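Engineer:
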Amino acid sequence: MPFSLHAYRGRLAPSPTGLLHLGHARTFWIAAQRARAAGGTLLLRNDDLDAVRFRLDFVDAMIEDMRWLGLGWEEPMFSQSQRRPLYRAALEMLHASGLIFPCHRSRRDVLEAASAPHESGSAGLGEAQDEPVYPLSFRPSAGPPLPPLDDPVTCNWRFRVPTGETINFTDGHHGSQQAVAGRDFGDFLVWRKDNTPSYQLACAVDDAALGITEVVRGDDLIKSTFRQILLLRALGTEPPAYYHCPLMLDEHGTRLAKRHDALSLRALREQGKTPKEIIAEF
Ligand code: GLU
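Going by this note's numbering, the sequence shown wraps up at 613, each residue one higher than the last.
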């Protein structure tokens, strides 16, 4: 087929930090269905930047489990740990545009400041519990020139969000979405002091570099989408389309997590479930 700029390109982006469970399987299945319906292609991206939780055997397991389920993708697989120069180049671009700043505050400083009363009463509004809105008072004034980027990076760097701007996108599943920068989410990490790119930066850079036209993922990442749209804009790229799938819940109404080993694809397969039976439940 001739290469077309508009051909659908999706991606499966598992993190090798545990066994894939039924929730991942459903999201990936939906991603594959959407790519197939559009006559497009699917890539496999290995989100292996979390050096602490990463395990090589989980990479092998996720590939095996996805194949067992009947998922296919274009070879080769892309591993984020091999793509650091790309993320570094993006960081340098953001730095040259004055859009990031070094942050020496601890997580605890941010947590304490975010839980303190806020003038407008909106501190923490809508922010995921594990990531409070970064207080404006911690942001350096735009005046002095930025310090140079160290190589390797030795402090956290954050993206300066356009405070008060409403960011919109239309989600393929959930419809119109909006969030106000600085209220619903604050200045977020793009690079960590252990010299690792953040998920937000790596994901935005990859979606652009790999020519992804639609991102299909769990709806726990809708908040991340607003951040990634800002990053893509800052890097001079149009964002892809987004389709966020509802998360799967267990019998107690808790979202499935990698600790739900009983619902891992591996365990279900060992219990004798077939891919057909699993897919039938989606
Ligand atoms: N690796 C991420 C996760 O498993 C998904 C990232 C994405 O699809 O953008 O949550």
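Every residue, glycine too, gets a C-beta built ideally from N, C-alpha and C.
For clarity, every value in this text was computed on a predicted model and none was experimentally measured.
Assuming W404 contacts P606 (C-beta within less than 8 Å), just tell me the rounded distance between them.
Structural biologist: Not quite, the Cβ-Cβ distance comes to about 16 Å (not below 8 Å), so this is no contact.
Engineer: Whose C-alpha, out of L351, W488, W360, is nearest the C-alpha of D391?
Structural biologist: When only C-alpha atoms are compared, the closest one is L351.
Engineer: Any residue with its C-beta under 5 Å from a non-hydrogen atom of the ligand GLU counts. Can you list them all in chain order?
Structural biologist: Those satisfying the condition are, in chain order, A344, S346, D378, C534, R548.
Engineer: At what residues does the alpha helix (DSSP H) containing W360 begin and finish?
Structural biologist: Unbroken alpha helix (DSSP H) run through W360: 353 to 368.
Engineer: So what does F516 bridge to, in DSSP terms?
Structural biologist: DSSP output for F516 lists A512 as bridge partner(s).
Engineer: Apart from the five residues just before and just after C576, which ones in its own chain have a Cβ nearer than 8 Å to its Cβ?
Structural biologist: Closer than 8 Å at the Cβ level, and outside the excluded window around C576, lie R357, T358, I361, H504, V547, R548, G549, D550.
Engineer: Just list the alpha helix (DSSP H) runs in the segment 393 to 443, keeping only unbroken ones of 4 residues or longer that don't cross its boundaries, in chain order.
Structural biologist: Segments of the alpha helix (DSSP H) lying fully in the segment 393 to 443: 415 to 427.
Engineer: In the DSSP assignment, the alpha helix (DSSP H) including D538 goes from what residue to what residue?
Structural biologist: Taken as a continuous stretch (DSSP letters only), the alpha helix (DSSP H) holding D538 covers 530 to 540.
Engineer: Between which two residues does the alpha helix (DSSP H) holding T556 run?
Structural biologist: Counting along the chain, the alpha helix (DSSP H) containing T556 begins and ends at 553 to 565.
Engineer: Closest to A344 by C-alpha separation, out of I609, N377, G371, would be which residue?
Structural biologist: The residue with the shortest Cα to Cα distance from A344 is N377.
Engineer: Within 10 Å of its beta-carbon, does V383 have 16 or more other beta-carbons around it, so buried, or fewer, so exposed?
Structural biologist: Its Cβ having fewer than 16 others within 10 Å, V383 is exposed.
Engineer: Can you tell me where the alpha helix (DSSP H) with L596 in it begins and where it stops?
Structural biologist: L596 -> alpha helix (DSSP H) spans 596 to 601.
Engineer: For the segment 561 to 570 against the segment 528 to 541, do three or more pairs of beta-carbon atoms, one drawn from each stretch, fall closer than 8 Å, so that the two count as touching?
Structural biologist: Touching, per the Cβ criterion.
Engineer: Quick one: what does DSSP say I609 is sitting in, helix, strand or coil?
Structural biologist: In this structure, I609 counts as helix in the three-state DSSP scheme.
Engineer: By the 10 Å Cβ neighbour count, where 16 or more other Cβ atoms means buried, how is G341 classified, buried or exposed?
Structural biologist: Result: buried.
Engineer: Under the three-state reduction of DSSP, which class applies to S346: helix, strand or coil?
Structural biologist: The answer is coil: DSSP assigns S346 none of H, G, I, E or B.
Engineer: Measuring only from the beta carbon, is P463 closer than 8 Å to any heavy atom that is part of the ligand NAP?
Structural biologist: The ligand NAP is absent from the structure shown, which contains only the ligand GLU.
Engineer: Taking C-alpha atoms, which residue in S410, A598, P433 lies nearest to L477?
Structural biologist: Comparing Cα-Cα distances from L477 to each of S410, A598, P433, the minimum goes to P433.
Engineer: Using CA atoms only, rank isn't needed, just tell me which of A539, L596, A593 is closest to E569.
Structural biologist: The candidate whose alpha carbon is nearest that of E569 is A539.
Engineer: What residues match up with D502 in a beta bridge as DSSP calls it?
Structural biologist: D502 pairs with G506, Y573.
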